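Shown next, in structure tokens, is the structure this report addresses.
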Amino acid sequence: MEWLRVRVWQLGIAVILALVGAWVMYTAGVGDVNQALLWLGLVLVFVAMAIPLISRLYQSVQGEDEDEKQA
Numbered sequence: 238m239e240w241l242r243v244r245v246w247q248l249g250i251a252v253i254l255a256l257v258g259a260w261v262m263y264t265a266g267v268g269d270v271n272q273a274l275l276w277l278g279l280v281l282v283f284v285a286m287a288i289p290l291i292s293r294l295y296q297s298v299q300g301e302d303e304d305e306k307q308a
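For what it's worth, my numbering labels the leading residue of the sequence shown as 238, then goes sequentially.
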């Protein structure tokens, strides 16, 4: 799954998760408020925001490891 390390795919997955999370939260808010769907939507949006941050941190740690190996 080498394609998953490409930043464009990571951002694409994050955008899709954010849109699905927003749709789930909207669905939970229409009519009767369903708390489980609301929390599920929030979790999806938070995961979507965390994907780029985690990938950036992982890349910076890998970069530091490569710098230490070269020194």
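Glycine included, C-beta positions come from ideal geometry on N, C-alpha and C.
Note that the structure is a prediction, hence the values are computed from the model and not measured.
Residue i and residue j closer than 8 angstroms at C-beta
i, j, result
"ALA265", "ALA285", "no"
"ALA278", "VAL252", "Checking the displayed sequence, the identity of residue 278 turns out to be Gly instead of Ala. No, Cβ-Cβ distance for GLY278 and VAL252 is not below 8 angstroms."
Close Cβ partners of residue i (< 7 angstroms) along its chain, the five nearest in sequence each way excluded
i, result
"ASN271", "ALA265"
Same chain only: Cβ atoms within 6 angstroms of residue i, ignoring 5 sequence neighbours per side
i, result
"GLY258", "GLY278, LEU281, VAL282"
"SER292", "GLN247"
"MET238", "none"
Span separating the alpha-carbon of residue i from that of residue j
i, j, result
"TRP246", "TRP240", "7 angstroms"
"LEU294", "GLY249", "18 angstroms"
"ILE288", "LEU274", "21 angstroms"
"TRP276", "GLN299", "33 angstroms"
"ASP269", "GLN296", "43 angstroms"
"ARG244", "LEU290", "11 angstroms"
"TYR263", "ARG242", "31 angstroms"
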